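Q: Here's a structure for you.
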Amino acid sequence: LTQHTAVTSAAALMIAALDLGHLMHLTLPPVNGPLLLARAAGDLGLPQAVLLIALDLYRLYLHDSPLLTLQSVSRRHQPYSMLMVVLAEAVRLSYGLDGLTANRPRLHGVPAGPVTVTAAAGSSNGVAAGQSGP
1 LTQHTAVTSA AALMIAALDL GHLMHLTLPP VNGPLLLARA AGDLGLPQAV LLIALDLYRL
61 YLHDSPLLTL QSVSRRHQPY SMLMVVLAEA VRLSYGLDGL TANRPRLHGV PAGPVTVTAA
121 AGSSNGVAAG QSGP
């Protein structure tokens, strides 16, 4: 169990920790969601406002969830993937990537999101809406 033969993946390390905990009759604690969200947001260079939204979503939907326990680890489920879903949803809501941004004000502390250009309805020359052709 403790012999090192090659580089170990994170999933293999978690499964080994679960096996060791089972042998020692220990229950491993859940992952530290807020800390992992803060680290991921920092690594991605996201603004503090996005992290605050992610933390609110975490508290609403995942706090004390059995999905974040290491006992729920399987090849199809990793507790870290649930945290990345929360972070992705916070980015989607913060930058208005849900298609409902026409009349919504931008959140304080969040830089402007990507600019999207839509083609003019019925335009056959491919000129974007609001622009003049050659």
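Numbering-wise (my numbering), the sequence shown opens with residue 1 and increments by one.
All C-beta atoms, glycine included, are put in the ideal place defined by N, C-alpha and C.
The structure presented is a predicted model; accordingly, all values stated were derived computationally and were not measured.
Quick one: give me the first and last residue of the alpha helix (DSSP H) that residue 64 is part of.
A: Working through the sequence shown from its first residue, we reach residue 64 at position 64. No alpha helix (DSSP H) contains residue 64, which DSSP labels as neither H nor E.
Q: Tell whether a beta-carbon distance below 8 Å holds between residue 90 and residue 40.
A: Position 90 of the sequence shown, counted from the start, is the residue given in the question as residue 90. Position 40 of the sequence shown, counted from the start, is the residue given in the question as residue 40. The answer is no: Cβ separation not under 8 Å.
Q: Contact defined as beta carbons within less than 8 Å: I believe residue 67 pairs with residue 79. What is the distance between those atoms, to the nearest angstrom?
A: On the sequence shown, residue 67 is found 67 positions in, with the first residue counted as 1. On the sequence shown, residue 79 is found 79 positions in, with the first residue counted as 1. Residue 67 to residue 79, Cβ: 6 Å. Contact.
Q: What do you get for residue 61, buried or exposed, if any count of 16 or more other CB atoms within 10 angstroms of its CB means buried?
A: Locating residue 61 in the sequence shown gives position 61, where the first residue counts as 1. Exposure of residue 61 is indicated by the presence of fewer than 16 other C-beta atoms within 10 angstroms of its C-beta.
Q: By the three-class DSSP mapping on this structure, what secondary structure does residue 78 have?
A: If you number the sequence shown from 1, residue 78 lands on position 78. Three-state result, residue 78: coil.
Q: Where does residue 31 sit, in a helix, a strand or coil, going by DSSP?
A: Walking along the sequence shown from the start, residue 31 turns up at place 31. Correct three-state label for residue 31: coil.
Q: Taking C-beta to C-beta, are residue 37 and residue 86 nearer than 8 Å?
A: The residue you call residue 37 lines up with position 37 of the sequence shown. The residue you call residue 86 lines up with position 86 of the sequence shown. Contact flag set, yes.
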